[in-house]
Structures are given as structure tokens and as C-alpha cells.
Amino acid sequence: MQEFLSHGYAETSMDRVASCAGVSKATVYSHFQDKQGLFKALIEKLAQERFHSVFGTTPLKGNPKVVLRRLALKALNEMLDDEEYRAFNRVLIGESGRFPELAQFCVGSLIKPAIDILSQYLATYPELKIADTEATAMLLVSSLTQFVMIQETMHGKNLIPMESERFIDALIDLILKPVSCEL
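Quick note on the numbering used here: the sequence shown kicks off at 203 and runs consecutively.
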């Protein structure tokens, strides 16, 4: 992982990966077909760890305001507290133009499962009157990742200081408050 974080995907060599791991290049290739296979394995590992840490292993149940707030706070705190995760995202974003398949793999491994589970959860509460649960789930996930991008990656926390809890409370209120507007 450190080689990718230090040099980016394109500039990371399997020789350096093997050297840093203290194994032969042949050993690395025996476990991973190529550099892309290694990178995808890292994405999968990160995605599984993050997903299980945030969502756990039991189905989502309970008051949507409580459940969504708990999930959002857990996800946001993990993203904010994990510099390696943020550095990995910078590498993915930086390399996505040249290696779109890796970025798509990340979306499929990390972001889509979160959107799917949130969409299914929201659909179990028809009283919320959410017309498009998938889009709503994507709004939630995208808002959290963008908050981290603005506050940490782009160093905006000094220009737009905002506590995580304040952001999450406003976001959950937007999602769950029914809007009544007569024009």
C-alpha cells in the first residue's frame, strides 16, 4: 500500500513492492497476476474493512433518523481519522483519468454496496415518502465523501469550519424532513 501512496499507481513498480514487502518479485506475482491485480486486492480489502466497520453484519433496523445519523457519523469519522484512506483516495482520483477501470472498480467495491444497502433500508420505510431511495442513498454517501474532500483533502476546514455532527444533522434533516411547498 505504501508504495502506491508514495508513488501513485503508474509510478509504482512491482520490484519496489516486492522489496518493501521483503519478498521476491516472483512471490508477489504468485499471489497477484499483475500490478492491477495487486491494486484491486488492496481496494477490495479496504472496501470490505470499511463496509463492515460502518454497516456491521446485521441488517439495518430501527428509527431512520437514529440509524442514518449513526451510520453517517461512523463513516465520516472513519474517513476523517484515517490518513491512509484519504491518501489512497487521492491516488485513486489522481490516477482515474489514466486508469478509469481502477476507479470504477473502487466505485463497485466500496461506494455501490453502501448505496445499495442504504437504498434498501430507506425503501423499508414508505412513510418517509422518498420517491427515489437509490438517489437519496447516493446523496447521503456523496455528501459525506465530499465533506471529507473539502475539509481535509482541499484543506478547507480553516475556511469553512464545521463540526461533523452539525453537518450530519443538517444532512439527515434534509433527507428525512418532508417538504411541503405550495406554489
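All C-beta atoms, glycine included, are put in the ideal place defined by N, C-alpha and C.
This one's a predicted model, so the numbers in the text were calculated from it and none came from an experiment.
Q.
Check for me: the alpha helix (DSSP H) holding PRO315 runs from which residue to which?
A. Taken as a continuous stretch (DSSP letters only), the alpha helix (DSSP H) holding PRO315 covers 314-325.
Q. In whole angstroms, what is the alpha-carbon distance linking HIS233 and LEU240?
A. Cα to Cα, HIS233 sits roughly 8 Å from LEU240.
(Q) Suppose only complete runs of 3+ residues qualify. What are the beta strand (DSSP E) ranges in the stretch 208-246, listed by chain order? (A) Listed in chain order, nothing qualifies, since the stretch 208-246 has no complete beta strand (DSSP E) run of 3 or more residues.
Q) Just to confirm, are LEU207 and ALA289 a CB contact at a threshold of 8 Å? A) Taking C-beta atoms as the reference points, LEU207 and ALA289 count as a pair closer than 8 Å.
Q. Near SER311, what residues of its chain come up, given a Cβ to Cβ distance below 7 Å and the 5 sequence neighbours on each side ignored?
A. Closer than 7 Å at Cβ, skipping near neighbours: ILE245, GLU246 and ALA249.
Q | Proximity to TYR287 [Cα-Cα], best of PHE301, LEU270, VAL350 and ASP375 | A | Comparing Cα-Cα distances from TYR287 to each of PHE301, LEU270, VAL350 and ASP375, the minimum goes to VAL350.
Q) For SER344, which three-state DSSP category applies? A) In the structure shown, SER344 sits in a helix (DSSP, three-state: H, G or I).
Q.
I believe THR214 touches LYS237 by the beta-carbon criterion, under 8 Å. Please report the beta-carbon distance rounded to the nearest angstrom.
A. Between LYS237 and THR214 the Cβ distance is about 7 Å, and since that is below 8 Å, they are a contact.
Q.
With three or more C-beta pairs closer than 8 Å as the rule, is the stretch 257-273 touching the stretch 290-309?
A. Taking a contact to require three or more Cβ pairs closer than 8 Å, the stretch 290-309 and the stretch 257-273 do not qualify as touching.
**Q.** As assigned by DSSP and simplified to three states, the class of ALA249
**A.** In this structure, ALA249 counts as helix in the three-state DSSP scheme.
**Q.** Distance between beta carbons of ALA212 and GLU280, contact taken as under 8 Å
**A.** That pair is no contact at about 28 Å.
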